[in-house]
Amino acid sequence: YTMELRNMQLNMLARHGSNLEVRLSWDNSDFSLVASLEKTLLTTYADEVEDFTWMTVPLGYYRELHNNSNWLTDFGRKYSYPVSVYGISPNYFEATNEMFTSVGESNETTSLSLGEQLYTPRGSQGIATGSFFTKELNLELSPRSTYLLIFDRSNTDLAFETRSIFTLNSCPGLRMTRQARRYQAALASLPLYMKFGDFMSVSLVGWRTLSIKIRGGLEEYDKVYEGLSQLSRRRGGSFSVWSYSTKADHLDGVKDFLDVIFVIIIILFMALSFFSLSSSMTANILEQAKELAILRSIGITRKRTVFLHIYEAFILVLTGSIIGAGIGMLIGYTLSLQRVLFTDLPMEFVFPYKHLVVIIVAVSYTHLRAHETRHDLVCRLLLEKKKKKK
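Everything in the sequence shown is counted per the numbering used here, starting at -13 for the first residue and increasing by one.
Now the structure itself:
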């Protein structure tokens, strides 16, 4: 469950793309809010903010276009796939969490970042898509390998011939994968985005998210988060502020609670194992009374006889504990891996060291108690044999 909780945290962080995000309402068209947010970050929190970047609403949102009516297709329109086109700033991939940026194909001859490549003359000819489209439409990163980006308007379709600038297996904050997922995202520069949407001014563009990268630790994140939250309340809730640290604290509380529950369960099972081990070893020693007498008669010391049974119990319990812990971790890792195959997100292996410590302590206590029982039984049997001989 620790790996599952960690994967939940990664999925949540991947959906937002950064540890601190400002999300504007969909119907917000007040460009002064964009200017106000940028001024706040550049003046009030200049020491805490390392970088920030903007992302627009998808083109399919606007009234002139039917919702989810953007398509990528080949020239014969044999294969058509719905797509959501977003405009991003040149520094989008630097200001978001780089952990979730997985590049499929890109131009390796340039030193420009991925976002900057969209703002070059070459980038003005195309968009960035998920690797799924490249595979399904049989495309290459070549000027001759083009496809159609279609916008279904109320009266007629509007088609643009475009090409792939680069492809992504995963993208922070957006759905771009190698798998067949409906309504995957495509990225465009702001000038090309305005051309697609027929915007005459950047003030008419709808902005969706502001991703903020903070220099420093948790204290700086909380400071900026509280300041932006107060600004949101003053502006009547025209935007919302999301912070990963606040959500992570909740998941950490859930993890701590589950840790306590599972530790209690482990202790209960170890207590049951103690009684089971004690009874089985007691019966085993009673059945081997004659063998014990023979071992003593050929010169085996009493201490050596006791340790033979101690080693037997220790090997049985230790082997069972290791195999059980290994199978549990393997099942948890396999279940998490199945999810990662469909999300293309990084997966972290988490070793349950807390539970292992509890198991070792509990097994050690069980062995001590069982050893005392076996020691008493062996000594009592040997004394009874000695009395009978006398």
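Positions of the beta carbon are idealized from the N, C-alpha and C atoms, including for glycine.
{"Asked": "Ala311 - partner residues in DSSP beta bridges", "Found": "Bridge partners of Ala311: none, in fact."}
{"Asked": "Coil, strand or helix - Thr305 by DSSP", "Found": "helix"}
{"Asked": "Local conformation of Gln216 per DSSP, three classes", "Found": "helix"}
{"Asked": "Three-way DSSP call (helix, strand, coil) for Pro129 in this model", "Found": "coil"}
{"Asked": "Three-state secondary structure assigned by DSSP to Asp242", "Found": "helix"}
{"Asked": "8 Å Cβ shell around Asn54 - same chain, five flanking residues per side excluded", "Found": "A caution first: Asn54 carries a pLDDT of 49, below 50, which makes its placement in the model too unreliable to give a value."}
{"Asked": "Contacting residues, own chain, Cβ-Cβ under 7 Å from Tyr399 (five flanking each side not counted)", "Found": "The requested residue 399 does not occur in the structure, where the chain is confined to residues -13 to 376."}
{"Asked": "The region 25 to 35 in contact with the region 254 to 263 per 3-pair CB rule at 8 Å", "Found": "no"}
{"Asked": "Pro76 in three-state terms, based on DSSP", "Found": "coil"}
{"Asked": "Length of the line joining the Cα atoms of Asp60 and Asp143", "Found": "15 Å"}
{"Asked": "Test item: CB-CB of Phe79 and Pro129 under 9 Å", "Found": "no"}
{"Asked": "Paired residues, beta bridge with Pro68 - DSSP", "Found": "Trp57"}
{"Asked": "Assumed close pair Pro76, Gly101 - CB separation to whole angstroms, cut-off 8 Å", "Found": "5 Å"}
{"Asked": "Contacting residues, own chain, Cβ-Cβ under 7 Å from Trp40 (five flanking each side not counted)", "Found": "Ser75, Trp193, Leu196"}
{"Asked": "Local conformation of Gln274 per DSSP, three classes", "Found": "coil"}
{"Asked": "Close beta carbons around Tyr133, own chain, < 7 Å, minus the five adjacent residues each side", "Found": "Leu58, Thr59, Asp60, Leu123, Leu125, Thr148"}
{"Asked": "Residues bridged to Ala381 [DSSP beta-bridge criterion]", "Found": "The question about residue 381 has no answer, for the chain in this structure spans -13 to 376."}
{"Asked": "Cβ pair Ser150, Phe86 closer than 9 Å", "Found": "no"}
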